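If you read the sequence shown in the numbering used here, its first letter stands for residue 27, the second for the next number, and so on.
No residue lacks a Cβ here, since even glycine has one placed at the ideal position from N, Cα and C.
Quantities reported herein were computed from a predicted structural model and do not represent experimental measurements.
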Amino acid sequence: MKNKLKKWQLATIYSAVIVLAVVLDQLSKVLLEPVLADKDISIIGNWFMLSWTLNDGAAFGMLGGQNIFFFIITVAACPLFVYLLIRSFSEGVWGQVGYSFIIGGLIGNAIDRLFLAQEGFFSGYVRDFFYVKGFAVFNVADSFLVVGTICAVLALLFFDKNAVFPVLKRESSDDK
Numbered sequence: 027m028k029n030k031l032k033k034w035q036l037a038t039i040y041s042a043v044i045v046l047a048v049v050l051d052q053l054s055k056v057l058l059e060p061v062l063a064d065k066d067i068s069i070i071g072n073w074f075m076l077s078w079t080l081n082d083g084a085a086f087g088m089l090g091g092q093n094i095f096f097f098i099i100t101v102a103a104c105p106l107f108v109y110l111l112i113r114s115f116s117e118g119v120w121g122q123v124g125y126s127f128i129i130g131g132l133i134g135n136a137i138d139r140l141f142l143a144q145e146g147f148f149s150g151y152v153r154d155f156f157y158v159k160g161f162a163v164f165n166v167a168d169s170f171l172v173v174g175t176i177c178a179v180l181a182l183l184f185f186d187k188n189a190v191f192p193v194l195k196r197e198s199s200d201d202k
């Protein structure tokens, strides 16, 4: 007989994951901003660097100039992903981790868009600092969003109990 966690335990665990994602994102920004304000730091040559920038677009700088639109989308999306997280408690861990990461990433970037002090209240900007040459500039919240989306898609396609292409053995009623 499997030892299943109760819903309130799952909610506590994934709330902690969300808080951790937000704290890591905001802490990285607060700590790196003064260091990167006047210089770039090479990690892997000129290919991967730490380089400070303000982003008024979506993840990876896509669709720049739509900063207010992205704030509204973020606020509207959060309740949807909270619902999906709660619904996934009966499904599997891939979706739970994915939705938690997405929520944490959304909140991390929403904090920037709303409270970025140097640009004024409700600036719409996020602070980015990971630079991959020819690809993107992003932050920790964006990383959580991307990894969370990958986990959620894998859950929906392969790993949830009701996945489109299930790869895990379904638990039979005899195993309960």
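Element boundaries [beta strand (DSSP E), containing residue i]
i	result
ASN81	74–81
ILE154	Here the sequence assigns Asp to residue 154, which means Ile is not the residue at that position. Element bounds for ASP154: 152–158.
PHE164	162–164
SER68	67–70
Selection from the options that minimises the alpha carbon distance to residue i
i	options	result
ARG139	PHE170, LEU80 and PRO105	LEU80
VAL43	ASN188, ASP186 and LEU171	LEU171
LYS33	GLN92, SER68 and PHE115	PHE115
SER169	ASP186, ALA47, LYS30 and TYR40	ALA47
VAL173	LEU36, SER126, VAL193 and TYR40	SER126
PHE141	GLY131, VAL152 and LEU132	VAL152
ALA37	ALA189, CYS104 and ILE112	ILE112
TYR40	LEU57, VAL190, LEU110 and GLN92	LEU110
ASP186	THR175, GLN122 and PHE148	GLN122
GLN13	SER68, PHE148, PHE191 and THR175	Past the boundaries of the shown model lies residue 13; the chain is included only from 27 to 202, so the question cannot be answered.
CB of residue i within 7 Å of CB of residue j, strictly
i	j	result
ASP82	GLY134	no
GLY118	CYS177	no
VAL163	ASP154	yes
ILE137	PHE107	no
LEU180	TRP120	yes
GLY150	ILE94	yes
LEU58	CYS104	no
Anticipated Cβ contact below 8 Å, residue i with residue j, distance rounded
i	j	result
SER77	LEU53	That belief does not hold up - the Cβ atoms of SER77 and LEU53 are roughly 19 Å apart, past 8 Å.
ASP64	MET75	With 8 Å as the limit, ASP64 and MET75 do not qualify as a contact, their Cβ atoms being about 14 Å apart.
Bounding residues of the alpha helix (DSSP H) (the contiguous stretch that carries residue i)
i	result
LEU16	Residue 16 lies beyond the range of the chain shown here (27 to 202); nothing can be said about it.
ALA181	ALA181 -> no alpha helix (DSSP H), and no H or E assigned at all.
ASN135	119–141
Contact test: residue i Cβ vs the ligand SAM heavy atom, cutoff 6 Å
i	result
TYR40	The ligand SAM is not part of the structure shown, which contains no ligands of any sort.
Three-pair Cβ contact test at 8 Å for the region 156–167 versus the region 94–109: No, the region 156–167 does not touch the region 94–109.
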